[in-house]
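Q: So the sequences go chain by chain: A and B.
Everything in the first sequence is counted per full-length UniProt numbering, starting at 1 for the first residue and increasing by one.
Everything in the second sequence is counted per full-length UniProt numbering, starting at 1 for the first residue and increasing by one.
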Amino acid sequence: MKKYLLATAMGMALASAAQAEGKLNLYVWSDSIDPELIEKFSKENDVQVSVDGYTSNEDLLTKLQAGASGYDISTPSQHFLRIMIDEGLIENYGANKLKAFDNIDERWRNQWWDETQEYSVPVAYGTAGFAVNTDQYKGPLDSLKYFFEPDGELAGKIAMLSYPDEVVGAAQLYLGVPFCSEDPSEMKKVLDLLAAQKPAVAVYSSDNIDSRLASGEVAAHFWWDGEELKARMGGAKLDYAMPKEGLVGWIDSMVIPKGAPNRENAIKFIEFMSTPENATAQMNFYAHSSPMKVIPEQVVYTKEKAPELYPDVPVEFSRTCSPAAQDLVTKVWTQLLQ
Amino acid sequence: MSDATHHGLPMQEPSHPPAGRGFWRNLPFWGLLPSWLLMAFALLVPMIIIAAVSVASRGAYGGFDWGFDLTGYRQILFNEGWSGELEFTPQYLSIILRTLGLALTTTLLCLVLAVPMAYFIANQPPARKAALVYLVTLPFWVSMILRVYAWMIILGRDGPLPRFVEFFGAPAGLSFMYNDGATLAAMVYSYMPLMVLPVFASIEKLDGTLIEAAHDLYGNRWVTLRRVILPLAAPGIISGAILVFVPALGAVLEPTLMGGGKQMMMGSLIQLQFGGGRNWPFGAAIAMTLLAFVVIVLILTARRATAKGATT
Numbered sequence: 001m002k003k004y005l006l007a008t009a010m011g012m013a014l015a016s017a018a019q020a021e022g023k024l025n026l027y028v029w030s031d032s033i034d035p036e037l038i039e040k041f042s043k044e045n046d047v048q049v050s051v052d053g054y055t056s057n058e059d060l061l062t063k064l065q066a067g068a069s070g071y072d073i074s075t076p077s078q079h080f081l082r083i084m085i086d087e088g089l090i091e092n093y094g095a096n097k098l099k100a101f102d103n104i105d106e107r108w109r110n111q112w113w114d115e116t117q118e119y120s121v122p123v124a125y126g127t128a129g130f131a132v133n134t135d136q137y138k139g140p141l142d143s144l145k146y147f148f149e150p151d152g153e154l155a156g157k158i159a160m161l162s163y164p165d166e167v168v169g170a171a172q173l174y175l176g177v178p179f180c181s182e183d184p185s186e187m188k189k190v191l192d193l194l195a196a197q198k199p200a201v202a203v204y205s206s207d208n209i210d211s212r213l214a215s216g217e218v219a220a221h222f223w224w225d226g227e228e229l230k231a232r233m234g235g236a237k238l239d240y241a242m243p244k245e246g247l248v249g250w251i252d253s254m255v256i257p258k259g260a261p262n263r264e265n266a267i268k269f270i271e272f273m274s275t276p277e278n279a280t281a282q283m284n285f286y287a288h289s290s291p292m293k294v295i296p297e298q299v300v301y302t303k304e305k306a307p308e309l310y311p312d313v314p315v316e317f318s319r320t321c322s323p324a325a326q327d328l329v330t331k332v333w334t335q336l337l338q
Numbered sequence: 001m002s003d004a005t006h007h008g009l010p011m012q013e014p015s016h017p018p019a020g021r022g023f024w025r026n027l028p029f030w031g032l033l034p035s036w037l038l039m040a041f042a043l044l045v046p047m048i049i050i051a052a053v054s055v056a057s058r059g060a061y062g063g064f065d066w067g068f069d070l071t072g073y074r075q076i077l078f079n080e081g082w083s084g085e086l087e088f089t090p091q092y093l094s095i096i097l098r099t100l101g102l103a104l105t106t107t108l109l110c111l112v113l114a115v116p117m118a119y120f121i122a123n124q125p126p127a128r129k130a131a132l133v134y135l136v137t138l139p140f141w142v143s144m145i146l147r148v149y150a151w152m153i154i155l156g157r158d159g160p161l162p163r164f165v166e167f168f169g170a171p172a173g174l175s176f177m178y179n180d181g182a183t184l185a186a187m188v189y190s191y192m193p194l195m196v197l198p199v200f201a202s203i204e205k206l207d208g209t210l211i212e213a214a215h216d217l218y219g220n221r222w223v224t225l226r227r228v229i230l231p232l233a234a235p236g237i238i239s240g241a242i243l244v245f246v247p248a249l250g251a252v253l254e255p256t257l258m259g260g261g262k263q264m265m266m267g268s269l270i271q272l273q274f275g276g277g278r279n280w281p282f283g284a285a286i287a288m289t290l291l292a293f294v295v296i297v298l299i300l301t302a303r304r305a306t307a308k309g310a311t312t
């Protein structure tokens with residue numbers, strides 16, 4: 001904590017120094033933006049780009065709330081994007097007037113997380129679910145039951161993420177409890193399910209997932225579609241479950257934090273990332289679906305090659321929970337790990 | 001501390017600046033000013049901010065609003081149960097106790113391993129001694145997270161240790177990961193040098209003739225260790241214990257990566273409150289509680305040390 005505040009203080013001191021022309025500071029999901037695109041943008045616009053990564057929406061939100069981050073672009077998921085708009089943490093940069101807006105696939109425009117599409121341009125979307133090592137597990141993958149109520153083969157070989165949001169969301173899908181429920185009795189059911197599953201869980205961790213799963217240290221891991229896809233393409237024997245109860249959906253968008261020192265470059269970058277050509281390159285790198293118009297012939301991850309990205313089960317997007325609902329999520333998590 | 005008198009050397013008078021030249025000539029003050037400023041800026045100011053946040057009221061989506069509110073501290077003991085009634089909840093208390101237990105066990109194990117090791121190193125010829133001390137510090141050249149990952153490889157499925165046990169007939173595909181033992185192994189390994197170095201420093205200064213004297217007086221090895229070596233090495237042991245115990249209280253990495261994160265520690269509880277829990281005042285209140293434990297330990301050891309110093 002001390003370290004955190006110190007970093008904040010230093011960040012504030014550095015923020016004013018970073019106003020030199022020709023710079024762009026990204027704070028995005030770790031390894032999410034194609035480095036070749038960054039280099040291309042850097043050359044075309046004579047801009048020096050620096051990239052920092054985060055591994056959870058919570059990290060990003062906390063950083064922006066602490067103030068004056070010095071970053072020009074971030075990529076929160078939809079439910080956190082809504083909080084950032086409501087809390088006044090990001091800039092209204094008139095996204096709906098940019099060329100980038102015309103390149104957004106119609107079905108992703110003006111959604112509830114940014115109705116007027118003034119604050120954000122989407123960059124990637126996908127799902128969170130379960131992946132299995134097919135050497136270790138040969139059973140069915142069509143229900144969340146096999147993970148939340150495992151018998152035999154998977155017991156003791158399951159790994160969950162160390163963040164409550166995705167885990168609780170999947171449990172809610174399985175139980176038919178609505179996201180962001182404010183009903184304690186419903187959330188108690190979620191806790192009971194997760195507590196009953198706990199003896200079968202080897203680890204709650206969001207780091208190092210690919211090696212843990214590929215090495216067979218665990219047989220099933222809560223994961224994201226694109227990461228599993230990339231590992232599978234790399235030769236790991238994996239499969240991504242398509243449970244009939246559904247998958248938890250997410251969509252990440254490019255936003256400009258309040259007080260960004262290089263706003264003009266940030267807008268240039270958003271326009272750059274949103275051209276069909278570059279959006280296609282980005283999708284081919286990131287292995288998550290693109291919400292932009294892409295060049296179909298150049299897409300590597302087609303439906304045949306990457307069924308992970310084209311789920312035929314219901315996908316439910318995480319909602320922005322009220323403080324009361326979020327407290328219940330935290331309560332479930334604390335009591336699970338107390 | 002009492003070295004100089006032991007060897008019968010005359011105590012040197014500390015050199016004071018010429019008296020009466022006023023504030024501006026106070027060289028020690030100005031010389032130390034940078035470190036005072038650094039301490040104030042990097043240690044005191046953040047601590048004051050945390051203390052202030054811990055009594056602020058929480059923001060709806062994280063953050064905080066100024067306003068006096070002790071809910072954060074009350075929450076450590078009392079929370080709304082599932083029925084909505086305010087009730088005593090030992091969950092945070094048990095996390096705090098577990099963290100204290102882990103830190104204490106780590107310190108004890110480090111101590112048990114470090115004393116013989118330091119003694120061995122101290123009794124080597126000078127050249128080898130230097131090389132061994134260098135080897136003890138060597139792990140610090142590598143990032144902490146890499147060292148923990150190395151342990152994950154050693155203990156994990158198909159790692160060297162399971163392979164070794166397999167050689168003696170254990171079933172294949174074993175893994176020693178994700179349990180308390182794995183956590184402790186990584187903790188002890190991580191903090192071991194912090195214990196070895198101060199203990200080594202005080203054992204090295206130990207007068208060999210005292211050990212001979214103990215033997216001459218028919219003290220066996222155990223008695224010599226207990227009544228001569230350990231008391232003389234006490235300053236090193238105490239500072240080593242503090243150096244290990246304090247960071248072990250805040251450990252997040254080892255319990256999460258090695259233990260599987262199945263049971264929270266204070267570090268991860270604080271992290272949760274500032275992140276997903278969106279309850280900064282409560283997170284700050286736990287951080288202050290952690291700080292209180294550290295201060296209590298420091299005060300107790302300092303008192304013991306001065307009490308001992310007074311008797312010798």
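Using N, Cα and C, we set each Cβ at its ideal position, and we do this for glycine too.
Computed from a predicted structure; not experimentally measured.
#1: According to DSSP, is GLN298(A) part of a helix, a strand, or is it coil?
#2: Secondary structure at TYR54(A), three-state DSSP: helix, strand or coil?
#3: In three-state DSSP terms, what is SER206(A)?
#4: Which complete alpha helix (DSSP H) runs does the segment 45-116 of chain B hold, if anything under 4 residues is left out?
#5: Classify LEU298(B): buried if its beta carbon has 16 or more other beta carbons within 10 angstroms, exposed otherwise.
#6: What did DSSP end up calling PHE168(B) once you bin it into helix, strand or coil?
#7: In angstroms, rounded to a whole number, what distance separates the CA positions of LYS23(A) and GLU58(A)?
#8: Applying a beta-carbon distance threshold of less than 7 Å, which residues of chain A neighbour ALA60(B)?
#9: Is the CB of TRP151(B) under 8 Å away from at least one CB in chain A?
#10: Which bits of chain B does SER56(A) rub up against, with CB to CB less than 9 Å?
#11: Which residues of chain A have a Cβ atom closer than 8 Å to the Cβ of TYR178(B), listed in chain order?
#12: Measure how close the beta-carbons of PRO235(B) and TYR191(B) come, nearest whole angstrom, since I'm counting them as under 8 Å.
#13: So what's TYR218(B) in DSSP terms, helix, strand or just coil?
#14: Closest Cβ-Cβ distance between ILE95(B) and chain A: below 8 Å?
#15: Residues bridged to ASP239(A) by DSSP?
#16: Just the Cα atoms here: how many angstroms apart are SER289(A) and LEU194(B)?
#17: Taking the continuous beta strand (DSSP E) assigned at HIS79(A), which residues delimit it?
#18: Let me know if LEU9(B) comes out buried or exposed under the rule of 16 or more other beta-carbons within 10 Å of its beta-carbon.
#19: Evaluate contact between the segment 170-177 of chain A and the segment 238-250 of chain A, counting only Cβ atoms and requiring at least three cross-stretch pairs below 8 Å.
#20: Cβ closer than 8 Å: which chain A residues qualify as neighbours of LEU75(B)?
#21: Grouping DSSP H, G and I as helix and E and B as strand, with all else coil, what is SER289(A)?
#22: Where does HIS7(B) fall in DSSP's three states?
#23: In whole angstroms, what separates the C-alpha of LEU44(B) from that of GLY275(B)?
#24: Give the residues of chain A in contact with ARG221(B), contact being defined as C-beta atoms less than 7 Å apart.
#25: List the residues of chain A that THR71(B) touches, going by C-beta distances under 9 Å, in chain order.
#26: Could you tell me whether the segment 217-227 of chain B touches the segment 275-295 of chain B, using the rule of 3 or more Cβ pairs below 8 Å?
#27: With 16 as the cutoff for other CB atoms within 10 Å, does ASN220(B) come out buried or exposed?
#28: With DSSP run on the structure shown, which of helix, strand or coil describes MET254(A)?
#29: Measuring straight from C-alpha to C-alpha, what distance separates LYS303(A) and ILE104(A)?
#30: Can you give me the C-alpha to C-alpha distance between TYR61(B) and TRP333(A), rounded to a whole angstrom?
#31: Mind checking the segment 136-168 of chain A against chain B and listing, in chain order, the residues whose C-beta falls within less than 7 Å of any C-beta there?
#32: Taking the alpha helix (DSSP H) that TYR189(B) belongs to, which residues open and close that run?
#33: If contacts are defined as beta-carbon pairs under 8 Å, then ALA95(A) and VAL121(A) qualify, I think. What distance do you get, rounded to the angstrom?
#34: In three-state terms, what does DSSP make of VAL223(B)?
#35: Do you know whose CA, among ASP183(A), THR280(A) and ASN284(A), lies nearest LYS331(A)'s CA?
#36: Looking at the secondary structure, which residues open and close the beta strand (DSSP E) in which TYR27(A) lies?
A: According to the structure data:
#1: Locating residue 298(A) in the first sequence gives position 298, where the first residue counts as 1. Looking at GLN298(A) - three-state DSSP - the assignment turns out to be helix.
#2: As a position in the first sequence, residue 54(A) is number 54, starting the count at 1. DSSP places TYR54(A) in strand when its eight states are reduced to three.
#3: The sequence position of residue 206(A) within the first sequence is 206, counting from 1. Coil, per DSSP.
#4: 45-54 and 71-77
#5: In the second sequence, counting from the first residue as 1, residue 298(B) sits at position 298. When all chains shown are included, LEU298(B) counts as exposed.
#6: Indexing the second sequence from 1 puts residue 168(B) at position 168. Here PHE168(B) sits in coil by DSSP.
#7: In the first sequence, counting from the first residue as 1, residue 23(A) sits at position 23. In the first sequence, counting from the first residue as 1, residue 58(A) sits at position 58. Using only the alpha carbons, I get a separation of about 26 Å.
#8: By 1-based counting over the second sequence, the position of residue 60(B) is 60. In chain order: PRO323.
#9: Within the second sequence, residue 151(B) is the residue found at index 151, counting from 1. Output row for TRP151(B): interface = no.
#10: Mapped onto the first sequence, residue 56(A) falls at position 56. Those within 9 Å of SER56(A) in chain B are GLY275 and GLY276.
#11: Position 178 of the second sequence holds residue 178(B). Chain A residues near TYR178(B): ALA202 and VAL203.
#12: If you number the second sequence from 1, residue 235(B) lands on position 235. If you number the second sequence from 1, residue 191(B) lands on position 191. Not really, about 19 Å apart at Cβ, beyond 8 Å.
#13: For the purposes of this step, residue 218(B) is taken as the residue at position 218 of the second sequence. Residue state, collapsed to three classes: coil.
#14: Within the second sequence, residue 95(B) is the residue found at index 95, counting from 1. Yes - at least one Cβ of chain A is within 8 Å of the one on ILE95(B).
#15: As a first step, residue 239(A) must be located in the first sequence, where it is residue number 239. VAL132(A), per the DSSP bridge assignment.
#16: What you label residue 289(A) is simply residue 289 of the first sequence in a count that begins at 1. What you label residue 194(B) is simply residue 194 of the second sequence in a count that begins at 1. SER289(A) and LEU194(B): Cα-Cα distance of roughly 49 Å.
#17: Sequence index remark: in the first sequence, residue 79(A) carries index 79 (1-based). From DSSP, HIS79(A) is part of no beta strand (DSSP E) but of the alpha helix (DSSP H) over 78-86.
#18: What you label residue 9(B) is simply residue 9 of the second sequence in a count that begins at 1. Per-residue confidence for LEU9(B) stands at a pLDDT of 45, beneath the threshold of 50, marking its modelled position as unreliable; no derived number is given.
#19: yes
#20: Your numbering for residue 75(B) matches position 75 in the second sequence. Per the sequence shown, residue 75(B) should be read as Gln rather than Leu. What GLN75(B) touches in chain A: nothing, since even the nearest Cβ is about 11 Å away.
#21: For the purposes of this step, residue 289(A) is identified with residue 289 of the first sequence, where counting begins at 1. In this structure, SER289(A) counts as strand in the three-state DSSP scheme.
#22: Here residue 7(B) is taken as the residue at index 7 of the second sequence, counted from 1. Because HIS7(B) carries a pLDDT of 46, less than 50, the predicted location of this residue cannot be relied on, and the following value inherits that uncertainty. Coil at HIS7(B), not helix or strand.
#23: Position 44 of the second sequence, counting from 1, holds the residue named residue 44(B). Position 275 of the second sequence, counting from 1, holds the residue named residue 275(B). Taking the straight line from one Cα to the other gives about 24 Å.
#24: Here residue 221(B) is taken as the residue at index 221 of the second sequence, counted from 1. Chain A residues near ARG221(B): none, gap ~44 Å exceeds 7 Å.
#25: Taking the second sequence and counting its residues from 1, the one referred to as residue 71(B) is at position 71. In chain order: nothing, as chain A lies at least about 12 Å away.
#26: no
#27: Within the second sequence, the letter at position 220 stands for residue 220(B). Label assigned to ASN220(B): exposed.
#28: Counting from 1 along the first sequence, the entry for residue 254(A) is found at position 254. Strand, per DSSP.
#29: Indexing the first sequence from 1 puts residue 303(A) at position 303. Indexing the first sequence from 1 puts residue 104(A) at position 104. About 20 Å.
#30: As a first step, residue 61(B) is located in the second sequence; it is residue number 61 there, counting from the start. As a first step, residue 333(A) is located in the first sequence; it is residue number 333 there, counting from the start. Roughly 17 Å between the two C-alpha positions.
#31: SER162, TYR163, PRO164 and ASP165
#32: For the purposes of this step, residue 189(B) is taken as the residue at position 189 of the second sequence. Residues 180-204.
#33: Your numbering for residue 95(A) matches position 95 in the first sequence. Your numbering for residue 121(A) matches position 121 in the first sequence. Confirmed, about 5 Å.
#34: Here the question's residue 223(B) lines up with position 223 in the second sequence. VAL223(B): helix per DSSP, three-state reduction.
#35: For the purposes of this step, residue 331(A) is taken as the residue at position 331 of the first sequence. The shortest Cα separation from LYS331(A) among ASP183(A), THR280(A) and ASN284(A) belongs to ASP183(A).
#36: Here residue 27(A) is taken as the residue at index 27 of the first sequence, counted from 1. It spans 23-29 - the beta strand (DSSP E) in which TYR27(A) sits, taken as one unbroken run.
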